[in-house]
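For reference, the structure discussed in these notes is given below.
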Amino acid sequence: MLRTLPTGLSEWAVHPGLGDEEAQAIEPDGRRVRRTDYEFFVSPEAREILQEEGIVVIDYRLLQEKWARTAAE
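Quick note, the sequence shown lines up with residues 6 to 78 if you use this note's numbering.
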């Protein structure tokens with residue numbers, strides 16, 4: 006999926022998790038998906054694809070800060 010992202014700014018929300026007891030308590034049915042998301046996004050394969058495709062991953066908080074500054078103007 007990373008290789009098929011369109012050129013330009015794209016939004017792809019991922020909520021990886023460790024699948025531990027805390028994750029299971031919060032979302033019993035989603036913990037396996039979050040665990041596999043985590044395992045992929047910390048893998049050498051993911052890093053390689055991101056670099057090859059020129060994809061920059063940012064934290065959602067950066068977007069929130071930008072939106073707050075824009076709204077205040």
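Quick reminder that beta carbons are idealized off the backbone N, C-alpha and C, glycines included.
Straight-line Cα distance separating residue j from residue i
i: T41; j: P21; result: 8 Å
i: A76; j: V19; result: 25 Å
i: R66; j: A73; result: 10 Å
i: S15; j: M6; result: 12 Å
i: S48; j: Q56; result: 13 Å
Residue range of the alpha helix (DSSP H) that includes residue i
i: R52; result: 49-58
i: I31; result: 26-31
i: E70; result: 65-77
Contacting residues, own chain, Cβ-Cβ under 7 Å from residue i (five flanking each side not counted)
i: R8; result: I54, E58
i: F45; result: A51
Contacts around residue i, its chain only, beta-carbon distance under 8 Å, and the 5 residues preceding and following it disregarded
i: Y43; result: P21, G22, L23, G24
i: E78; result: none
Beta-carbon proximity of residue i to residue j, cut-off 8 Å
i: L10; j: I60; result: yes
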